[in-house]
Amino acid sequence: MAHPSPARRLAELADLEVVLARREAGEALEAPPEEAGRALLAREGLEPDEALARLPRDPALRRALAAELLGRLRAAGAALPGERVAAGHRAAGWVLAVVGLLLGSAAARAALAFHGAEPINVWAFLGGLVLLQVLLLVVLLVALAGGLARGLPLLGAAQRAARALGRLPWLDRLARHTPERARAAFAALDRAGHRAAGRQSLYRGAERWLLLGLTQRFGVFFNLGAAGTFLALVLFTDLAFAWSTTPAEIDGGHLEALVRALALPWAWLLPGTVPGREAIEATRWSRLEHAFAGGDVDAAAAHAAAWWSFLFLALLVWGLLPRLLAWALAAWRLRRELAAARLDDAATLELLESALPAPAAGWHHPDPAAVAGERLAPTAGVDVNQDEPSAAAGEEVAVVLWGGWSIEADRLADALAAHRGWRPAAVHKAGGPDEAATRAVLERLGPAAPLALLAEGGEPPDKRLGRFLAGARERLGERALVSVVLVELDGAGGLRPAAAEDVDLWRAALARRHDPYLRVEALRR
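Residue numbers for the sequence shown follow the working numbering, so the first one is -12 and each next one is one higher.
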């Protein structure tokens, strides 16, 4: 099956963020998610329990369910901005292309301005249209190897700039004349943007390649405009080239070395396009005398062809070609990033799980003796090696009992099985008065391991929990799902769900961590 285009994937992700924001705000959706779930199950021939178990581990299933849900919402008339976001991206690209073409043409005309009194200064062209682009190329390579590769907070800055522009009075008046559906879609996108800080890590790869692609598109068309204008001036006007400098220390030898360095990529193929020492000395210009330093106008004119061909090729090789390659790289990486969007963060998983029918009763879990003990104490390390860092139904998870409370092994196994069908791979106690024991628990956690932290909902999260979650994230990796399950002790040695107001308090407090793979939920029964 063909993969969706980058524009289509961008539209779907924008729509999904808006749906998640609306759901978080408690808004009713135009089409119940359960309809999408039932349609997908019927089409794929899956049982609800099987689909729920596969969902955290199967990216294709998550994408199919998300696409089904978004399609039904669009069909029901939901104001989703995805198509407009994709169209805006395309429009921005063409605007940058036109602006780049015009600016490149203007820059070339300025650098090649020739009125007959004095020849064109080679240094002006090299400095403005070649050497400056070489410097920008070095900056780009450093960015690709360093900050850009690690990811920069570009999306947040872009959203802040967009919101600032949106407050301009003339844009507000213009918005009043746009269709109501479009206004609603962009209002929803703006609301979703306010929660982007906690989800920025999900799309930072796509956003940096998207913005790099836009900037390189501008660079490509800037150089096309400059090259086209250069070629037109060469063909239809009579250009004369020369060079001159004020410092006496800079002579023809220095310019020759620079010319040879810039011509390295093509000199072996087109040696006649590289001005030699004779051509350089013959085209040195003296402003005091208003004449070529050698005094031989005919010799200088004979070498003009070498200069224009060298400058034209330098513009293509050091200006246009790197931008084309960077643009192609950005487009390829953007396509890969969008295609690889896993949709496995906590909020998206919760939305997709809500679209599937509730699992059948009677989860199969191990005999209580298998996770046995009297009162559970910290165990040895957690052995988890999994392809997808998400806690799936029927899957083993590392369990942390936070706050120093205890529970019988069989009751814990029953509670975890009823909650999500989980099986405790290892159980640890942390958050008690013994700080060393809490640090030891962190050291036992392995990378990419799903973690379930059970805490009493009536005890608000404190700084110790924040430090523990930060340490757990460092140990587990940024994409490991951490589920904070809130419980109440029922007085008979068992567990029951925490109160709704306690869950809301915990969610509000932990939302400040801006961790998209941190889920807060009440225990399910």
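For glycine and all other residues, C-beta sits at the position ideal for the given N, C-alpha and C.
The structure presented is a predicted model; accordingly, all values stated were derived computationally and were not measured.
Length of the line joining the Cα atoms of residue i and residue j
i       : j       : result
Leu251  : Leu300  : 11 Å
Ala62   : Leu303  : 49 Å
Leu189  : Arg506  : 15 Å
Ala498  : Glu508  : 13 Å
Leu220  : Ala317  : 33 Å
Leu363  : Glu395  : Confidence at Leu363 is low in this model, with a pLDDT of 37, below 50, so its placement is unreliable and the value that follows should be read with caution. Each residue's Cα considered, the two are about 7 Å apart.
Arg322  : Ala405  : 40 Å
Ser(-8) : Ala486  : 45 Å
His415  : Arg186  : 29 Å
Thr335  : Arg25   : 18 Å
Ala38   : Arg50   : 13 Å
Ala548  : Leu441  : Outside the displayed range of the chain (-12 to 512) lies residue 548, so it cannot be described from this structure.
Ala315  : Leu(-3) : 18 Å
Gly464  : Leu456  : 12 Å
Val471  : Asp401  : 17 Å
Leu139  : Glu14   : With a pLDDT of only 48 at Leu139, under 50, the local geometry of the prediction cannot be trusted, and the value read off the model is given with reservation. Their backbone Cα atoms lie some 32 Å apart in a straight line.
Leu7    : Asp331  : 13 Å
Ala495  : Glu337  : 17 Å
Gly192  : Leu199  : 11 Å
Arg71   : Gly478  : 55 Å
Glu475  : Glu488  : 13 Å
Arg30   : Val5    : 26 Å
Ala94   : Val86   : 12 Å
Leu41   : Gly480  : Residue identity differs from the one stated: residue 41 is Arg in this sequence, not Leu. Computed Cα separation, rounded: 33 Å.
Ala(-6) : His76   : 8 Å
Val484  : Ala66   : The sequence shown places Pro at residue 484, rather than the Val named in the question. Cα to Cα, Pro484 sits roughly 35 Å from Ala66.
Trp295  : Trp319  : 35 Å
Ser393  : Ala74   : 56 Å
Leu256  : Glu236  : 32 Å
Residue closest to residue i, alpha-carbon to alpha-carbon, out of the options
i      : options                           : result
Asp36  : His501, Arg407 and Glu324         : Arg407
Pro434 : Gly306, Ile267, Arg460 and Ala73  : Arg460
Phe228 : Val428, Ala66, Ala79 and Ala98    : Ala98
Leu118 : Arg426, Trp305, Ser393 and Leu311 : Trp305
Gly80  : Ala(-2), Phe208 and Glu236        : Phe208
Leu413 : Glu443, Phe217, Glu382 and Glu422 : Strictly speaking, residue 413 in this sequence is Ala, with Leu absent from that position. Residue Glu382 is the option with its Cα nearest to Ala413.
Leu492 : Asp2, Asp449 and Arg77            : Asp449
Ala473 : Gly464, Arg512 and Glu236         : The residue asked about is misnamed: residue 473 is Leu in this sequence, not Ala. For Leu473, the nearest C-alpha among the options comes from Arg512.
Val387 : Leu199, Ala289, Phe297 and Glu443 : Glu443
Ala417 : Leu452, Leu403, Val384 and Leu42  : Leu452
Gln203 : Leu127, Arg(-5), Leu90 and Ala293 : Leu127
Leu131 : Thr260, Ala293 and Arg195         : Arg195
Ala78  : Leu201, Leu67, Ser393 and Leu88   : Leu201
Leu218 : Ala74, Leu33, Ser92 and Leu60     : Ser92
Gly58  : Ala18, Pro46, Leu90 and Ala84     : Ala18
Leu88  : Leu48, Trp230 and Thr216          : Thr216
His241 : Trp253, Arg271 and Ala254         : Arg271
Leu403 : Val82, Leu510, Ser393 and Val129  : Leu510
Own chain, CB closer than 6 Å to residue i, minus 5 neighbours either side, in chain order
i      : result
Phe101 : Ile107 and Leu226
Pro258 : none
Leu124 : Pro309
Leu197 : Leu321
Gly239 : Ile267 and Glu268
Beta-carbon proximity list for residue i, same chain, < 7 Å, skipping 5 on both sides
i      : result
Glu243 : Arg264 and Ile267
Glu446 : Gly390
Arg56  : First, the residue type needs correcting, since residue 56 is Leu and not Arg in the sequence shown. The answer, listed in chain order, is Pro20, Ala23 and Ala342.
Leu28  : Pro35 and Ala38
Gln120 : Trp305 and Gly306
Thr425 : Ala417, Gly418 and Phe455
Leu83  : Leu201, Arg204 and Phe205
Any chain B beta carbon closer than 8 Å to residue i
i      : result
Asn210 : Of the protein chains in this structure there is only one, and it is not chain B.
Bridge partner(s) assigned by DSSP for residue i
i      : result
Lys416 : Leu388
Phe228 : Ile107
Ser470 : Ala439 and Arg506
Arg483 : Glu475
Pro411 : Val384
Integer-rounded CB distance, given that residue j should sit under 8 Å from residue i
i      : j      : result
Arg410 : Leu482 : Not a contact, Cβ separation roughly 16 Å.
Leu339 : Ala53  : 7 Å
Leu307 : Leu211 : 7 Å
Leu0   : Ala439 : Wrong, their Cβ atoms sit about 28 Å apart, outside the cutoff.
Asp2   : Gly64  : No, Asp2 and Gly64 are not in contact; Cβ-Cβ is about 13 Å, not under 8 Å.
Leu116 : Ala213 : 6 Å
Ala385 : Leu432 : 6 Å
Leu60  : Leu113 : Rounded, the Cβ-Cβ distance is 56 Å, inconsistent with contact.
Residues near residue i in its chain [Cβ-Cβ closer than 8 Å; skip 5 each side]
i      : result
Pro420 : Gly391
Thr232 : Trp110
Pro503 : Gly185, Arg186, Ser188, Leu189, Asp332, Ala333 and Ala334
Val246 : Val261, Pro262, Ile267 and Phe297
Gly32  : none
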